[in-house]
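Reading through the structure tokens given below for one structure.
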Amino acid sequence: MSNSDSQPTRSLNITEALREQLLQGEFPPHARLQEIALAERMGVSRTPIRGALSVLARDGLLEYAPNRGYTVRHFSLDDILSAFRVRAVLEGLGCRLLAEQGLADDTEQRLQQALHRGEQLLQEAQLQQGQFDEWRDMNKAFHLAILLATHNDLLVRFAKISRNIPIVFNGSFKWYTLKDFHRSQDHHEVIYSALKNRQPERADFMMQEHILQAAEILRRNYPG
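FYI, in the working numbering the residues of the sequence shown are 7 to 230.
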């Protein structure tokens with residue numbers, strides 16, 4: 007085992023990288039995750055993989071059975087839609103709180119950067135080619151900037167839990183049409199405007215509408 011593998015930060019990075027892969031649906035439901043294969047896939051020893059699997063099972067993304075090991079948990083459409091509804095309420099509350107307290111300069115800058123990048127992606131027409139990774143990164147930056155700026159640890163923790171199901175956070179973009187991407191960008195613009203102008207009700211409503219619209223697109227397209 008290398009020294010880097012034994013460091014807590016290294017283990018945390020591996021855990022979060024594997025979490026992201028699970029949330030993006032890179033492993034099918036009921037798939038068995040083997041330490042050796044994952045270690046080779048991620049270029050590390052088995053030690054941080056073993057720790058990551060334990061954490062992700064505790065968080066509900068994996069299931070563990072003696073003599074069988076870890077398998078990817080299956081989530082029904084009802085599970086996923088319920089998580090979307092919870093996420094909508096929590097992030098709406100985050101917008102309300104932030105609009106009440108006002109935007110700090112650094113948060114405003116992060117939101118503006120996300121908006122600018124979203125507009126660039128739409129103009130470059132990359133999204134028509136199915137290249138969603140950059141949009142996913144932009145979207146995550148926008149939403150997390152709002153949550154973290156509330157400085158409400160409890161809200162951030164519960165919002166993170168509500169996203170801890172595949173597809174709930176950034177996973178429905180593969181079903182978006184170009185019109186859907188433009189609408190999502192428009193929602194971001196309205197949310198930003200409401201936050202900047204300290205309009206709590208408007209910011210809360212628009213964020214909930216934004217997330218529930220994504221849930222509706224998923225509901226119409228989710229296989230099975």
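Idealized CB from N, CA, C, for every residue including glycine.
Give the single residue among the options whose Cα lies nearest to the Cα of residue i.
i      : options                        : result
ASP65  : ILE86, ASN170, LYS185, MET213  : ASN170
MET144 : ILE20, ILE152, ALA120, GLN129  : ALA120
ILE152 : ALA220, HIS122, THR113         : THR113
ASP192 : LEU96, GLN219, LYS166, LEU160  : GLN219
PRO206 : LEU99, ALA165, ASP111          : LEU99
HIS149 : LYS166, GLN129, TYR228, PHE138 : LYS166
MET212 : GLU22, VAL162, ASP85, HIS194   : HIS194
PHE138 : ARG163, VAL162, LEU161, TRP181 : TRP181
GLY31  : GLN40, ILE86, SER60, GLU215    : ILE86
So, for residue i: in the same chain, excluding its five sequence neighbours on each side, which residues have a beta-carbon less than 7 Å away from its beta-carbon?
i      : result
LEU201 : CYS101, LEU104, ALA105, LEU109, ALA209
ALA45  : SER51, ARG52, ILE55
SER8   : Here the model assigns SER8 a pLDDT of 46, short of 50, so the residue's position is not dependable and the matter cannot be decided.
ILE217 : PHE90, ARG93, ALA94, GLU97
HIS80  : PRO35, HIS36
ALA147 : ARG116, ALA120
To the nearest angstrom, how far is the alpha carbon of residue i from that of residue j?
i      : j      : result
ASN19  : GLU125 : 30 Å
TYR198 : LEU117 : 7 Å
ARG74  : LEU28  : 19 Å
SER88  : GLY49  : 36 Å
HIS122 : SER190 : 13 Å
ILE173 : ASP111 : 32 Å
TRP141 : ASP186 : 12 Å
ILE42  : ASN158 : 39 Å
VAL196 : PRO72  : 50 Å
GLU22  : GLN129 : 32 Å
Please work out which residues of its chain come closer than 6 Å, Cβ to Cβ, to residue i, disregarding the five sequence neighbours upstream and downstream, and give them in chain order.
i      : result
LEU224 : SER178
LEU24  : ALA58
PHE33  : VAL78
TYR228 : LEU83
Among all the DSSP beta bridges, which residues are the ones paired with residue i?
i     : result
LEU99 : Note: LEU99 sits in no beta bridge, so no partner.
LEU68 : VAL78
LEU39 : TYR76
Leaving out five residues on either side along the sequence, give the residues of the same chain with a beta carbon under 8 Å from the beta carbon of residue i.
i      : result
ALA37  : THR77, VAL78
ARG204 : ALA105, GLU106, GLY108
SER168 : ALA89, VAL92, ARG93, LEU96, VAL174
Which ranges does the alpha helix (DSSP H) cover as unbroken runs of at least 4 residues, wholly within the region 140 to 205, from first to last along the chain?
159 to 168, 184 to 202
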